[in-house]
Ligand code: NDP
């Protein structure tokens, strides 16, 4: 009888990790054992702790999500920390996986590490074709090095270490901290507290015009599991909604307002910076390899996330 796969998920306590955990708890696969770990289980930037974790769980497969992540301001002022911590974490995971005979590692890049000056849509062949945006170059180069390491482990040792490139993720268990959150959880938290204060005017920072692709964490979880089970290439794969489903920040704000049944006025503070106008990524490779995948409609995903926040904000990451 073939022995069970043991799948270790690093970053298992985060936004994406929790979505994978819920999916697996519903699915209950009989031929797989899933282990979800956070930073309390091991500080993966330290080799000894990484090795002890692998010794304890003896994974055959790894989904590697753990990373030092942060908002724009934190990135800008700590590029060295983002670079070094993430390089250490990634090197410890890949080298320990290699040394202990892990059969497959799926690591996580991000569409925000692509070259700053580029043509659109962005695709998987363009990761290294120019410097990343200067605000988060430490995070970006550490992530890009995962792809370089994957290719080197394959060339030298034949390892199946691969990576995925998600667009902006949102969903339950997100980081709702006002200093370090991404746009959707930030808007959800702010509108929720405005409504609790009985205010009927909600200000969105910036013009609301920039376009973004957002993936619901529950959809991303399904795609991660599909990659683990079926994607057999070292080259990265973009996990994103379609180009036609790119939405403006104002559309996202309106959907959040609707989900809260906010009857007041949305205003845009155009004195605040907008950031890049768009970062459109192509999911053509994903569509070719997994043609039947259906994404949750944006409005439904926003509604579910808002409902989760209303029920859980007392113990959400604030
Ligand atoms: P979260 O911030 O929600 O979670 C980060 C996870 O990493 C947590 O489980 C945290 O553990 C763990 N972690 C951080 N530092 C360490 C460490 N030194 N040792 C061990 N574990 C550590 O992140 P997301 O779920 O949003 O992101 C998951 C992956 O997806 C990351 O690699 C990120 O770069 C990538 N990504 C995210 C996007 C997004 O929009 N959120 C977009 C594209 C890519 P704990 O909480 O227990 O401290």
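In full-length UniProt numbering, the protein residues as written are 1 to 318.
For every residue, glycine included, the Cβ atom is placed at its ideal position computed from N, Cα and C.
Q. Of all the options 59, 249, 216, 77, which has the alpha carbon lying nearest to the alpha carbon of residue 183?
A. In the chain shown, the residue the question calls residue 183 occupies position 183. For residue 183, the nearest C-alpha among the options comes from 249.
Q.
For residue 168, report the span of its beta strand (DSSP E) as first-last.
A. Here the question's residue 168 lines up with position 168 in the chain shown. Note, residue 168: beta strand (DSSP E), 168 to 170.
Q: State yes or no: is the C-beta of residue 167 within less than 7 angstroms of the C-beta of residue 85?
A: Mapped onto the chain shown, residue 167 falls at position 167. Mapped onto the chain shown, residue 85 falls at position 85. Going by C-beta atoms, residue 167 is not nearer than 7 angstroms to residue 85.
Q: With a 10 Å radius around its C-beta and 16 neighbouring C-beta atoms as the bar for buried, classify residue 16 as buried or exposed.
A: As a working mapping, residue 16 is identified with position 16 in the chain shown. Residue 16 is buried by the Cβ-count criterion.
Q: Apply the 10 Å Cβ neighbour rule to residue 188 and answer buried if 16 or more other Cβ atoms are within range, or exposed otherwise.
A: Counted from its first residue, the chain shown places residue 188 at position 188. Counting Cβ neighbours within 10 Å, residue 188 comes out buried, since at least 16 surround it.
Q) Cα separation between residue 229 and residue 3? A) Locating residue 229 in the chain shown gives position 229, where the first residue counts as 1. Locating residue 3 in the chain shown gives position 3, where the first residue counts as 1. The straight-line gap from Cα to Cα measures roughly 16 angstroms.
Q: With DSSP as the reference, please indicate the residues paired to residue 175 in a beta bridge.
A: The residue labelled residue 175 in the question sits at position 175 within the chain shown. 317, per the DSSP bridge assignment.
Q.
Quick check on residue 245: does DSSP put it in helix, strand or coil?
A. As a first step, residue 245 must be located in the chain shown, where it is residue number 245. Residue state, collapsed to three classes: helix.
Q. In chain order, which continuous runs of the beta strand (DSSP E) of length 3 or greater are located wholly inside the region 68 to 145?
A. 104 to 108
**Q.** Reduced DSSP secondary structure (H/G/I, E/B, other) of residue 281
**A.** Against the chain shown, residue 281 aligns to sequence position 281. Residue 281: strand per DSSP, three-state reduction.
(Q) With a threshold of 7 angstroms between beta-carbons, can residue 145 be considered close to chain D, or not? (A) This model lacks chain D altogether; it includes just one protein chain.
Q: Compute the minimum distance between the beta carbon of residue 228 and the heavy atoms of the ligand NDP, and state whether it is under 6 angstroms.
A: Counting from 1 along the chain shown, the entry for residue 228 is found at position 228. Result no, Cβ not under 6 angstroms from the ligand NDP.
(Q) Shorter than 6 angstroms, the distance from the beta carbon of residue 323 to the closest heavy atom of the ligand NDP, or not? (A) Within the shown structure, residues of the chain are numbered from 1 to 318, placing residue 323 beyond reach of any answer.
**Q.** Residues sharing a beta bridge with residue 203, DSSP
**A.** In the chain shown, the residue the question calls residue 203 occupies position 203. BP columns for residue 203 point to 267.
**Q.** Range of the contiguous alpha helix (DSSP H) that encloses residue 54
**A.** Against the chain shown, residue 54 aligns to sequence position 54. Start and end: 47 to 57.
Q) Does the Cβ of residue 186 lie closer than 6 angstroms to at least one heavy atom of the ligand NDP? A) Locating residue 186 in the chain shown gives position 186, where the first residue counts as 1. False, no ligand heavy atom lies under 6 angstroms from that Cβ.
**Q.** Cβ separation of residue 148 and residue 109, assumed to be a contact under 8 angstroms, to the nearest whole Å
**A.** Mapped onto the chain shown, residue 148 falls at position 148. Mapped onto the chain shown, residue 109 falls at position 109. Wrong, their Cβ atoms sit about 11 angstroms apart, outside the cutoff.
Q) By Cβ distance, which residues of its chain are closer than 8 angstroms to residue 320, with the 5 residues on each side in sequence left out? A) Because the chain spans 1 through 318 in this model, residue 320 falls outside it and cannot be assessed.
**Q.** Boundaries of the beta strand (DSSP E) in which residue 5 is found, first to last residue
**A.** What you label residue 5 is simply residue 5 of the chain shown in a count that begins at 1. Its beta strand (DSSP E) spans residues 5 to 10.
**Q.** Coil, strand or helix - residue 32 by DSSP
**A.** Looking up residue 32 in the chain shown gives position 32. Residue 32 falls in the strand class under three-state DSSP.
Q) What does a CB cutoff of less than 7 angstroms around residue 290 pick up in its chain, not counting 5 residues either side in sequence? A) The residue given as residue 290 occupies position 290 in the chain shown. Excluding positions up to five away in sequence, the list reads 226.
Q: Pair every Cβ in the region 294 to 313 with every Cβ in the region 210 to 218, then say whether three or more of these pairs are closer than 8 angstroms.
A: yes
Q. Hey, is residue 325 close to the ligand NDP, as in C-beta under 6 angstroms from one of its heavy atoms?
A. Residue coverage of the chain in this structure runs from 1 to 318, which leaves residue 325 outside it and unanswerable.
Q. How many Å lie between residue 305 and residue 171 at the Cα?
A. Mapped onto the chain shown, residue 305 falls at position 305. Mapped onto the chain shown, residue 171 falls at position 171. The straight-line gap from Cα to Cα measures roughly 5 angstroms.
Q.
Just checking residue 11 against the ligand NDP - is the residue's beta carbon closer than 6 angstroms to any of the ligand's heavy atoms?
A. For this step, residue 11 is matched to residue 11 along the chain shown. Answer for residue 11: yes, Cβ within range of the ligand NDP.
Q | For residue 183, three-class secondary structure by DSSP | A | As a working mapping, residue 183 is identified with position 183 in the chain shown. Residue 183 falls in the helix class under three-state DSSP.
Q: Tell me whether the beta-carbon of residue 213 lies closer than 7 angstroms to the beta-carbon of residue 246.
A: On the chain shown, position 213 is the one that residue 213 refers to. On the chain shown, position 246 is the one that residue 246 refers to. In contact: residue 213 and residue 246 (Cβ atoms closer than 7 angstroms).
(Q) I want to know whether the region 95 to 103 touches the region 196 to 207 - three or more CB-CB distances under 8 angstroms. (A) no
Q) Shortest alpha-carbon distance to residue 259 belongs to which of 232, 243, 18, 191? A) By one-based count along the chain shown, residue 259 stands at place 259. Of 232, 243, 18, 191, the residue nearest in Cα terms is 191.
(Q) Using only the alpha-carbon positions, how far apart do residue 285 and residue 238 sit? (A) Looking up residue 285 in the chain shown gives position 285. Looking up residue 238 in the chain shown gives position 238. Those two C-alpha atoms are separated by around 7 angstroms.
Q. How about residue 281 and residue 121: do their beta carbons lie closer than 7 angstroms?
A. Here residue 281 is taken as the residue at index 281 of the chain shown, counted from 1. Here residue 121 is taken as the residue at index 121 of the chain shown, counted from 1. Result yes, Cβ atoms of residue 281 and residue 121 sit closer than 7 angstroms.
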